[in-house]
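Participant: Here the protein sequences come in this chain order: A and B.
Position 43, counted from 1, in the first sequence is what this note's numbering calls 43; the numbers after and before it change by one each time, with no gaps.
Heads up: take any position in the second sequence, counting from 1, add 128, and you land on this note's numbering.
Please find one structure pasted underneath; my questions will follow.
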Amino acid sequence: MVDIDVSQFRKLYLTTALEYAQKIEDQLKMLAVQQSADTVNEIFIAAHSLKSQSLIMGYTSLADASLSLEKTYRRYKDTATEVSKAVLEGSMTLLAAIRFSLKKIESSESEANIADATGTFKQIAGIN
Amino acid sequence: MKILLVEDDPFFQKFYATKIKEAGYEVEIAGDGVEALEKLQSLRPTLILLDMIMPRKDGFEVLQSLSQDSSLKDIPVLVFSTLGEEKDVERAKSLGAKDYVNKSFFDFDNLHEKIKSLVPA
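Here it is, written out as structure tokens:
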């Protein structure tokens, strides 16, 4: 956890985090139609960025969720395998939880605990 | 002292640029590896702070390019790492990075010490 005043960056965090969430959603929809290494890479980078930002802001539940996505899509990127339908659907569900948490930050400045959603996704994706 | 911050994420661009400037350094930002190498054609920073995961050219490719350019290879590079990327740090060091800083657990004293250790006063 960072022991600095990050409140001045909260608005920027929310703007960019929501953009990353949207980007991930758009890319997931593309993957559902056609598998593509570039699309997998885009998801990986967006999830990585969302994780890093969330960590520095102290939003650890969000960071953990994003890390799960990052690890999953990094694995797909590195092994050049197709993303399964189950993982795609699981990713969308996790993304909905991420969006819910971001909305909570907008209204209350604190994140939602989305550990359950992350745990479910990890099981589907086969990661720890 | 001028630092080239190579970082694609607008949040981290602002965050690190703000913190680095507060400490009295000059900062130039490049939004990805391609832009970084373009800027380095005319810019000679004292140090490069390099993100590893970026679109277009990533940090590893930048390190490779730097090591192959005699006019750039001696500029010290600090790479950013985050959770689960220890292997990336090792790979970055094998490509010429001098050290790393943990991007998501901001510790400016640590960053400052590393900068001072790499750049003679």
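Using N, Cα and C, we set each Cβ at its ideal position, and we do this for glycine too.
Reducing DSSP to helix, strand and coil, say where B/Ala-158 ends up.
Facilitator: B/Ala-158 falls in the strand class under three-state DSSP.
Participant: Does the beta carbon of B/Pro-248 sit closer than 7 Å to a beta carbon anywhere in chain A?
Facilitator: It does not: the Cβ of B/Pro-248 has no partner Cβ on chain A nearer than 7 Å.
Participant: Return yes when the Cβ of B/Asp-136 is within less than 7 Å of the Cβ of B/Met-182, no when it is not.
Facilitator: Cβ distance < 7 Å, so B/Met-182 and B/Asp-136 count as in contact.
Participant: Enumerate, from N- to C-terminal direction, the unbroken alpha helix (DSSP H) stretches of 4 or more residues contained entirely within the stretch 161-185 of chain B.
Facilitator: Counting whole runs of 4 or more residues, the stretch 161-185 of chain B contains the alpha helix (DSSP H) stretches 161-167.
Participant: Give me the Cα-Cα distance between A/Ala-115 and A/Asp-38, rounded to the nearest whole angstrom.
Facilitator: Each residue's Cα considered, the two are about 29 Å apart.
Participant: When the Cα of B/Ser-245 is compared with those of B/Ser-222, B/Ser-199, B/Gln-141, B/Leu-175, which residue comes out closest?
Facilitator: Residue B/Leu-175 is the option with its Cα nearest to B/Ser-245.
Participant: Whose Cβ in chain B lies nearer than 9 Å to the Cβ of A/Phe-9?
Facilitator: Neighbours of A/Phe-9 on chain B, chain order: Phe-139, Lys-142, Phe-143, Thr-146.
Participant: With DSSP run on the structure shown, which of helix, strand or coil describes B/Leu-223?
Facilitator: Coil at B/Leu-223, not helix or strand.
Participant: Ignore the nearest five residues each way along the sequence and tell me which others in A/Leu-144's own chain have a CB closer than 6 Å to its CB.
Facilitator: Nothing can be reported for residue 144 of chain A: it is not among the residues displayed for chain A, which extend from 1 to 128.
Participant: With a threshold of 7 Å between beta-carbons, can B/Ser-199 be considered close to chain A, or not?
Facilitator: False, the Cβ-Cβ gap to chain A never drops below 7 Å.
Participant: Would you say B/Ile-181 lies against chain A (beta-carbon separation less than 7 Å)?
Facilitator: Closer than 7 Å: yes.
Participant: Report back the beta-carbon spacing between B/Phe-140 and B/Lys-231 to the nearest angstrom; my notes put them in contact at under 8 Å.
Facilitator: Rounded, the Cβ-Cβ distance is 7 Å, consistent with contact.
Participant: Please classify A/Gly-119: is it buried, with 16 or more other beta-carbons within 10 angstroms of its beta-carbon, or exposed?
Facilitator: Under this definition A/Gly-119 is an exposed residue.
Participant: How close, in whole Å, do the beta carbons of B/Leu-171 and B/Glu-156 come, if the pair is a contact with beta carbons under 8 Å?
Facilitator: So it is a contact: roughly 6 Å between Cβ atoms.
Participant: Give me the chain B residues within the contact set of A/Ser-49, using Cβ-Cβ distance strictly less than 9 Å, ordered along the chain.
Facilitator: Chain B residues near A/Ser-49: Asp-136, Asp-137, Phe-139, Phe-140, Ile-181.
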